[in-house]
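Asks: Numbering (the working numbering), first residue to last: 0 to 246. Quick one: the structure is below, questions incoming.
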Amino acid sequence: MLILLGYLVVLGTVFGGYLMTGGSLGALYQPAELVIIAGAGIGSFIVGNNGKAIKGTLKALPLLFRRSKYTKAMYMDLLALLYRLMAKSRQMGMFSLERDIENPRESEIFASYPRILADSVMLDFIVDYLRLIISGHMNTFEIEALMDEEIETHESEAEVPANSLALVGDSLPAFGIVAAVMGVVHALGSADRPAAELGALIAHAMVGTFLGILLAYGFISPLATVLRQKSAETSKMMPVRQSHSAF
């Protein structure tokens, strides 16, 4: 919702200010310039990413318009779940948790926290490391190092869509210049036309630079920033890492 509101503010202020100067919106409607910029941007996105990154970016885009699942209630559920697991392990021993972690969806403890069960990434993270702790094959420092490495890997992979969009955003102003130069070349090739027509052609060419900058900094780059913020929320799984030593 905030994204759409931000877009409305960008469009309203940019084009509203342009109209206040007496400009005509019709002069800014240049489909050819938009095709050059958008097409080149999409092409550079395809060239600069592998199939996994492209698929991940396309999959991440709908998340921009959804509310974050990591709410205060979610974290309270996480802390309450960890507390109950720790309490059970202290009262009945670590091996009493085996049934809970082997079948968390059938566990009475996990069943009390449907938000955790619905998050497969967090659920797998919890049960996998509890399983390691119970096995006793690794000491506390080894488990903590392994947790840190997995969290860093997950965060790195989660940042791929944001980085991909950021690169596209950075390239759009340059593609806008490309479109403008091509428009100027066309205008200079029509130097035999009347001055009024020649001026209109040059003005149309300049729209390319305008569109490239507007799309980059008004639309694409902000999306990359939002994706980074959403991927950073995964690091808030840190309470799991900080609590494992209590078992």
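Don't be surprised by glycine CBs; every beta carbon is placed ideally from N, CA and C.
Measuring alpha carbon to alpha carbon, tell me which residue in Val126, Leu60, Glu141 and Ile35 is nearest Val180.
Replies: The option with the nearest alpha carbon to Val180 is Ile35.
Asks: Can you give the beta carbon distance from Ser88 to Leu96, rounded, assuming they're within the 8 Å contact cut?
Replies: Indeed they touch by this definition, with Cβ atoms about 6 Å apart.
Asks: Name the residue from Ser220, Ile53, Leu33 and Ala157 whose alpha carbon lies nearest to the alpha carbon of Asn229.
Replies: What sits at residue 229 in the sequence shown is Lys, not Asn. Per the Cα distances, Ala157.
Asks: Along the chain, which unbroken stretches of the alpha helix (DSSP H) at least 4 residues long are found entirely within the region 32–73?
Replies: Counting whole runs of 4 or more residues, the region 32–73 contains the alpha helix (DSSP H) stretches 50–59.
Asks: Secondary structure at Glu232, three-state DSSP: helix, strand or coil?
Replies: Helix, per DSSP.
Asks: For a quick check, are the C-beta atoms of Leu60 and Leu222 less than 9 Å apart?
Replies: Yes, the pair counts as a contact, with Cβ atoms nearer than the cut-off.
Asks: Pull up the distance between the alpha-carbon of Glu107 and that of Asp99, whole angstroms please.
Replies: Near 8 Å, if we compare the C-alpha coordinates of Asp99 and Glu107.
Asks: Drop a sphere of 10 angstroms on the beta-carbon of Gly135, count the other beta-carbons inside from all chains shown, and report buried for 16 or more, exposed for fewer.
Replies: Looking at its Cβ environment, which holds fewer than 16 other Cβ atoms inside 10 Å, Gly135 is exposed.
Asks: Kindly give me the distance between the Cβ atoms of Ser23 and Ser170, rounded to whole angstroms, as I take these residues to be in contact under 8 Å.
Replies: Going by Cβ atoms, the distance from Ser23 to Ser170 rounds to 29 Å, so no, they are not a contact pair.
Asks: If distances are taken between C-alpha atoms only, which option among Ala173, Ala195 and Ser163 comes closest to Lys51?
Replies: For Lys51, the nearest C-alpha among the options comes from Ser163.
Asks: With a threshold of 16 other CB atoms inside 10 Å of the CB of Gln29, please say whether the residue is buried or exposed.
Replies: Label assigned to Gln29: buried.
Asks: For Glu32 versus Val206, is the C-beta distance shorter than 9 Å?
Replies: Yes, they are a contact pair.
Asks: So what does DSSP say about Gly16, is it helix, strand or coil?
Replies: Of the three classes helix, strand and coil, the one that applies to Gly16 here is helix, per DSSP.
Asks: State the Cα-Cα distance for the pair Ile125 and Leu131, rounded to the nearest angstrom.
Replies: Roughly 10 Å separates the two Cα atoms.
Asks: Under 8 Å by Cβ, that's how I've got Pro172 and Leu226 pegged, so tell me the actual separation to the nearest angstrom.
Replies: Not a contact, Cβ separation roughly 20 Å.
Asks: Which same chain residues, not among the five before or five after Arg114, have their C-beta less than 8 Å away from its C-beta?
Replies: Cβ neighbours of Arg114 beyond the five flanking positions: Lys68, Ala72, Met73 and Asp76.
Asks: Taking DSSP as the reference, what is the three-state secondary structure of Pro193?
Replies: Pro193 falls in the coil class under three-state DSSP.
Asks: With a CB to CB cut of under 7 Å and the five nearest residues on each side skipped, what residues in its chain are close to Ser220?
Replies: Excluding residues within five positions, the ones whose Cβ falls inside 7 Å are Ala165 and Gly168.
Asks: Does the beta-carbon distance from Ile201 to Ala186 come in below 9 Å?
Replies: Their beta carbons are under 9 Å apart, which means Ile201 touches Ala186 by this criterion.
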